[in-house]
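Okay, structure first, notes after.
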Amino acid sequence: MPVEPAEMSRRHYSLATLRSIVAAWDERKRFRWELEQMSKDNPHLIDDIGLTRRQVEAEIAKPFWRR
């Protein structure tokens with residue numbers, strides 16, 4: 453059964469959207485891991501960027517799908 457161009461477009465859009473979502477999740481996971489490492493290894497840098505320990509802990513505790 454042939455696929456209509458409009459359906460192909462929706463599929464392409466869906467794959468692009470899915471890739472974008474997964475990329476955002478990966479970036480959040482990486483950022484939170486790096487923030488956690490910084491807070492452990494160089495806590496003075498957290499002060500330098502203007503965050504409190506509580507803010508850092510709250511950010512680190514978020515699941516990857518939360519902004």
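The sequence shown lines up with residues 453 to 519 when you count with my numbering. All residues carry an ideal CB built from backbone N, CA and C; glycine is no exception. Quantities reported herein were computed from a predicted structural model and do not represent experimental measurements.
Inset, instruction - Consult DSSP for Leu470 and reduce its assignment to one of helix, strand or coil. - result: Helix, per DSSP.
Legend entry - Inter-stretch contact at 8 angstroms, needing at least 3 Cβ pairs: the segment 497-510 / the segment 473-484: No, the segment 497-510 is not in contact with the segment 473-484.
Inset, instruction - Run the CB neighbour count on Leu487, radius 10 Å, all protein chains shown included, and call it buried at 16 or more, exposed below. - result: Around the Cβ of Leu487, a 10 Å sphere holds 16 or more other Cβ atoms; the residue is buried.
Legend entry - Start-to-end residues for the alpha helix (DSSP H) that takes in Ile498: Per DSSP, the continuous alpha helix (DSSP H) segment holding Ile498 begins and ends at 495-500.
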